[in-house]
Ligand SMILES: Nc1ncnc2c1ncn2[C@@H]1O[C@H](COP(=O)(O)OP(=O)(O)OP(=O)(O)O)[C@@H](O)[C@H]1O
């Protein structure tokens, strides 16, 4: 076995300098423009995915996130063989997806939250039977797999119903079962929890965790719901305008960007900003006064801690109320999208309206 083969075996997905350009029609303005477009169309090239590289080892659950239009779906479509890349290299399960379609699709499962792979008017179980034929799953294997999925996803009551009569949550459970009937080793999920209530979302997350634990299924998950990512992914790839701006652990991302706490203080008497500065002199914190009897203080985790700061204040000032706020993942990711790069952590000093401590 040569070295490149060995890499492919260890990695479920390998992507190198992957690019997708779309050619789109450019509409000229006004009536005159529209008339000219009729005879002489102008086109422009849009780069949806710009030379990205990453590898996903077998058994990993990786989050693939980015704002609308960042290029997530285009990547997933290339990884699942629906779109042909403009350039670059890509292997999934050792196959080049768009070249070796038939053999390739037998090893992957796909769920697009906004689109169904089930037939609308026939019973769920009939759809499953059709998929069995598409994927050429032997009848006994299929039966065993179906029984297991029916039990774990609680589909007993749903099997005979036509898909159009299912609620969104019920349909999504059936979609997941459908994508797993042929026992794929890689599962692509594009917004699998979109529009679902919190109970169904939690059930689906639990199911996916168990699936990954039991079968070491590799999962690439695209979502706008960062709680999906928090619940499932140890790693996250963040895309912005077709480029990867972060690829690493979720904890590292939080540590880098969310490092610190914001403490909201309400005092019994008016306290000046200068007094607060003076009391915390030597601690690397940033005060943001709100009014004369309340203020916020930003405490970077690596430079000071909450108890140190409070020890300086309690006993000297009469404090009416304290609230400690941790930066959550939503805030962190929003900040990164805004800056367009995950390289530079949000410096406490740059916080809007902050009074910088000397
Ligand atoms: N078939 C297409 N023809 C032309 N442009 C396209 C096509 N598909 C996608 N694009 C463009 O490519 C860019 C990336 O789109 P893509 O759908 O991959 O983003 P996304 O990150 O999945 O967004 P969303 O979260 O909204 O689904 C966008 O600018 C989009 O308009």
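Residue numbers (my numbering): 4 to 361. Here a beta-carbon is modelled for each residue, glycine too, at the ideal position from N, C-alpha and C.
Proximity to residue 164 across 128, 181, 150 peaks at 128, based on C-alpha coordinates.
DSSP places residue 236 outside both helix and strand once states are collapsed to three, so it counts as coil.
Cα atoms of residue 18 and residue 300: separation of roughly 44 Å, rounded to the nearest angstrom.
With fewer than 16 other Cβ atoms from the protein chains shown falling within 10 Å of its own Cβ, residue 49 counts as exposed.
Sequence-distant partners of residue 341 (beyond 5 residues in either direction) whose C-beta falls short of 8 Å from its own C-beta are missing from its chain. Residue 151 carries a helical assignment under DSSP once its states are collapsed to helix, strand and coil. Bridge partners of residue 298 according to DSSP: 268, 292. Under the three-state reduction of DSSP, residue 67 is assigned to strand. With the criterion CB distance below 6 Å from any heavy atom of ligand 1, the matching residues run 25, 27, 49, 51, 69, 71, 72, 73, 74, 75, 76, 77 along the chain.
Looking from the CA of residue 191, the closest CA among 246, 233, 156, 77 belongs to 77. With contact defined as three or more Cβ pairs closer than 8 Å, the stretch 267-282 and the stretch 319-336 are in contact. Closest in alpha carbon position to residue 303, among 235, 281, 329, is 329. Non-local beta-carbon contacts of residue 162 in its own chain, meaning distances under 6 Å to residues more than five positions away in sequence, involve 127, 128 in chain order.
Counting C-beta atoms within 10 angstroms of its own C-beta, residue 288 has 16 or more neighbours from the protein chains shown and is therefore classed as buried.
In the structure shown, residue 130 falls within a helical segment according to DSSP collapsed to helix, strand and coil. Shortest Cα-Cα distance from residue 21 to any of 62, 31, 100, 308 involves 100. Annotation: the continuous beta strand (DSSP E) that includes residue 14 extends over 14-29. Contact between residue 110 and residue 60 does not hold, since the beta-carbon distance rounds to 16 Å and is not under 8 Å. The beta carbon of residue 113 is closer than 7 Å to those of 83, 182, 191 in its chain, skipping five residues each way along the sequence. Distances from the CA of residue 86 to each of 102, 201, 277 were compared; the closest alpha carbon is that of 102. For residue 244, the closest of 74, 202, 229 by C-alpha to C-alpha distance is 74. DSSP places residue 228 in the coil class of the three-state scheme, outside both helix and strand.
Look at residue 246 here: in three-state DSSP terms it is strand.
Secondary structure note for residue 58: its beta strand (DSSP E) is the uninterrupted segment 45-60.
Using a C-beta cut-off of 8 Å, the stretch 194-212 makes contact with the stretch 170-177, since at least three inter-stretch Cβ pairs fall below that distance. Cβ atoms of residue 167 and residue 124 come within 8 Å of each other, at about 6 Å. For residue 326, the enclosing beta strand (DSSP E) covers residues 322-329.
Contact between residue 235 and residue 224 holds, since their C-beta atoms are separated by about 6 Å, short of 8 Å. Checking the DSSP bridge columns, you'll see residue 74 has no partner listed. Where residue 111 is concerned, the enclosing beta strand (DSSP E) starts and stops at 111-115. Closest option to residue 45, judged by alpha-carbon separation, among 55, 297, 294, 27: 27.
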